[in-house]
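Presented below is the structure to which this report refers.
The following block contains the structure:
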């Protein structure tokens with residue numbers, strides 16, 4: 008266990024109870040459940056599933072960000088680059104269109120189900136492209152990334168089309184709100200969707216970690232060290248697909264976590280991608296949990312959407328990164 | 309024994325190697341030389357099993373290298389690419405430990421031995437961004453050594469080094485060859501190939517122009533034919549210098 012893992016695990020252990028207490032209704036930790044009306048209900052049915060979901064979402068995005076930066080050998084890479092998140096978002100938007108056509112018992116779960124189908128379609132497309140680009144002839148990573156960008160661009164355009172042709176004003180506002188990402192009113196049902204998939208995705212990414220280390224020296228050197236480019240690509244698509252797809256399915260688009268977190272973690276490790284994976288998951292969990300707790304207590308008329316809050320933090324951070332890169336400090 | 313037989317290779321729709329046949333002996337230093345674009349790096353990559361031949365085969369101890377598992381091949385053949393690009397600013401020891409990847413371990417002994425062999429003790433914990441070009445080249449070679457391969461295939465490992473460091477590194481390479489490791493090195497400097505290689509393989513426009521002991525492979529006839537320059541060797545064995553004059 009490295010230093011970064013210990014630091015972020017400790018921070019998370021501190022943040023989880025704080026997050027459970029914070030909100031429009033503050034819970035007095037010393038007064039017992041009787042001190043705050045409905046404290047047990049608020050804790051068990053609102054705060055706890057929301058906190059667990061924030062941890063799951065952040066952990067998945069943090070680990071996926073670390074893996075993507077390792078794979079693309081680029082500190083500016085983000086899990087969104089593969090087009091999985093935009094495709095999941097497109098799937099979710101489609102559920103606003105077609106969910107009403109389904110039987111009520113299925114319709115309740117149509118949003119996460121459609122989002123996961125969108126993510127799966129992106130993964131399938133990427134796997135098909137991977138079969139053609141990563142043939143071991145070099146240049147596979149660049150071609151594959153461009154393919155991912157193409158998928159992201161297409162999904163973005165189709166999502167925009169779905170928004171402009173929304174069946175009614177209510178659906179339009181629901182789509183836009185959902186796309187901004189949030190954990191408001193999420194239940195244990197959402198946790199049971201996201202947690203196993205994120206855990207499976209993290210496990211897959213962990214198995215790819217040492218091969219990502221080899222990529223530190225470039226694709227040719229990595230292959231000479233026994234890295235199988237096609238296997239690595241499949242592991243990465245599956246890992247990022249599961250973590251990001253699960254995140255989008257339950258929370259909408261939450262950007263910048265995958266970009267920022269590995270940068271917070273890297274100076275505390277030996278900088279190899281494999282050393283970043285677990286601490287990035289923990290740091291991602293901390294960031295999303297802290298941001299979600301903050302949006303709950305901000306004195307605004309309506310709750311600030313989590314996706315917007317993280318973008319407000321992320322955009323200046325991205326600018327700072329660019330300035331550091333320009334100075335050669337990265 | 310590392311060998312290629314009637315090896316032809318295409319890259320980007322162009323044929324870069326044509327019917328190259330050579331048998332490389334373990335425990336020797338083979339230099340691959342040739343003009344720019346002759347196919348030196350492509351041949352090295354094909355010998356490392358990193359490029360798929362259009363025709364012909366590459367064999368390692370009689371087995372087709374394409375039939376070996378990526379990890380099995382990596383344990384036998386260490387490859388040092390021309391590029392010294394390192395994506396993350398890791399410490400020297402961390403980078404050298406990467407050499408253990410084919411074995412999926414982080415054993416200290418071979419890593420320490422590789423660091424010691426290339427005089428990198430004082431840089432062990434230093435980030436690679438704080439190293440000079442020469443120091444970085446030694447670190448990258450140490451990474452290959454840490455994998456304890458039977459063959460080391462290096463693409464211009466001396467290019468970034470000053471004269472003293474070149475000689476120092478050559479000593480290390482000779483030491484490896486003495487220990488039974490087969491060394492295959494792409495070189496631009498014909499004098500280095502003449503003085504330090506046991507065998508020289510000359511490529512010309514993707515074809516084998518010569519493969520013999522340095523005196524024969526780098527005879528004035530071959531140099532004039534392949535590089536199209538007037539040249540003559542001066543000095544004595546082991547200390548040859550090439551005196552050149554470009555054709556008018």
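Residue numbers (the numbering used here), protein chains in the order written: chain A, 8 to 337; chain B, 309 to 556. Every residue, glycine too, gets a C-beta built ideally from N, C-alpha and C.
Between the options, which lies nearest to residue i when the distance is taken from Cα to Cα?
i: residue 197 of chain A; options: A:25, A:244, A:131, A:118; result: A:118
i: residue 402 of chain B; options: B:435, B:442, B:484; result: B:435
i: residue 524 of chain B; options: B:536, B:545, B:367; result: B:545
i: residue 253 of chain A; options: A:15, A:9, A:99, A:305; result: A:99
i: residue 321 of chain B; options: B:548, B:504, B:362, B:446; result: B:362
i: residue 209 of chain A; options: A:250, A:241, A:89; result: A:250
i: residue 309 of chain A; options: A:136, A:135, A:184, A:130; result: A:184
i: residue 547 of chain B; options: B:530, B:372, B:503; result: B:503
i: residue 167 of chain A; options: A:105, A:94, A:66; result: A:94
i: residue 289 of chain A; options: A:181, A:148, A:72; result: A:72
i: residue 227 of chain A; options: B:349, B:467, B:342; result: B:349
i: residue 370 of chain B; options: B:480, B:491, B:313, B:409; result: B:313
i: residue 322 of chain A; options: A:286, A:278, A:267, A:136; result: A:267
i: residue 382 of chain B; options: B:469, B:460, B:365; result: B:460
Counting only beta-carbon separations shorter than 8 Å, does residue i have a partner in chain B?
i: residue 329 of chain A; result: no
i: residue 233 of chain A; result: yes
i: residue 143 of chain A; result: Low confidence applies to residue 143 of chain A: its pLDDT is 44, below 50, so where it sits in the model is not reliable, and the reading given next is rough at best. Chain B contact via Cβ: present.
i: residue 135 of chain A; result: no
i: residue 279 of chain A; result: yes
i: residue 220 of chain A; result: yes
i: residue 83 of chain A; result: no
i: residue 240 of chain A; result: no
i: residue 12 of chain A; result: no
i: residue 72 of chain A; result: no
What span of residues does the beta strand (DSSP E) with residue i cover, start to end?
i: residue 411 of chain B; result: It is not in any beta strand (DSSP E) - residue 411 of chain B carries neither H nor E in the DSSP assignment.
i: residue 284 of chain A; result: Unbroken run through residue 284 of chain A is the alpha helix (DSSP H), 280-304; no beta strand (DSSP E).
i: residue 519 of chain B; result: 515-520
i: residue 329 of chain B; result: 322-332
i: residue 492 of chain B; result: 490-494
i: residue 386 of chain B; result: 385-388
i: residue 538 of chain B; result: 537-542
i: residue 83 of chain A; result: Unbroken run through residue 83 of chain A: none, as it is neither H nor E.
i: residue 366 of chain B; result: 363-368
Give every residue of the same chain whose Cβ lies closer than 6 Å to the Cβ of residue i, excluding the five residues on either side of it in the sequence, and list them in chain order.
i: residue 519 of chain B; result: 330, 509
i: residue 187 of chain A; result: 312, 314, 315
i: residue 77 of chain A; result: 219, 280
i: residue 367 of chain B; result: 311
i: residue 245 of chain A; result: 211
Report yes if the CB atom of residue i is closer than 8 Å to the CB atom of residue j, and no otherwise.
i: residue 448 of chain B; j: residue 406 of chain B; result: no
i: residue 190 of chain A; j: residue 299 of chain A; result: yes
i: residue 248 of chain A; j: residue 126 of chain A; result: yes
i: residue 63 of chain A; j: residue 256 of chain A; result: no
i: residue 419 of chain B; j: residue 404 of chain B; result: yes
i: residue 80 of chain A; j: residue 395 of chain B; result: yes
i: residue 495 of chain B; j: residue 464 of chain B; result: yes
i: residue 264 of chain A; j: residue 68 of chain A; result: yes
i: residue 30 of chain A; j: residue 304 of chain A; result: yes
i: residue 328 of chain A; j: residue 88 of chain A; result: no
i: residue 514 of chain B; j: residue 473 of chain B; result: no
i: residue 347 of chain B; j: residue 373 of chain B; result: no
i: residue 378 of chain B; j: residue 233 of chain A; result: yes
Under DSSP, the alpha helix (DSSP H) around residue i begins and ends at which residues?
i: residue 482 of chain B; result: 471-486
i: residue 396 of chain B; result: Premise fails: residue 396 of chain B is in no alpha helix (DSSP H) and is neither H nor E.
i: residue 214 of chain A; result: 195-221
i: residue 420 of chain B; result: 416-425
i: residue 432 of chain B; result: No alpha helix (DSSP H) contains residue 432 of chain B, which DSSP labels as neither H nor E.
i: residue 512 of chain B; result: Element bounds for residue 512 of chain B: not the alpha helix (DSSP H) but the beta strand (DSSP E), 507-512.
i: residue 227 of chain A; result: 226-231
i: residue 351 of chain B; result: 348-355
i: residue 250 of chain A; result: 236-258
Any beta carbon from chain A within less than 8 Å of residue i's own beta carbon?
i: residue 394 of chain B; result: yes
i: residue 498 of chain B; result: no
i: residue 310 of chain B; result: no
i: residue 382 of chain B; result: yes
i: residue 391 of chain B; result: yes
i: residue 397 of chain B; result: yes
i: residue 402 of chain B; result: yes
i: residue 326 of chain B; result: no
i: residue 368 of chain B; result: no
Quick one: residues in its chain with C-beta nearer than 8 Å to the C-beta of residue i, no 5 flanking neighbours on either side, listed in chain order?
i: residue 528 of chain B; result: 539, 540, 541
i: residue 143 of chain A; result: Residue placement at residue 143 of chain A is poorly supported in this model, since its pLDDT is 44, which falls under 50; the coordinates still yield a value, given next. Answer for residue 143 of chain A: 230, 236, 237, listed in chain order.
i: residue 19 of chain A; result: 62, 289, 292, 293, 296
Just to confirm my understanding: we take residue i, look at its own chain, exclude 5 residues before and 5 after, and list those with CB closer than 7 Å. What are they?
i: residue 14 of chain A; result: 275
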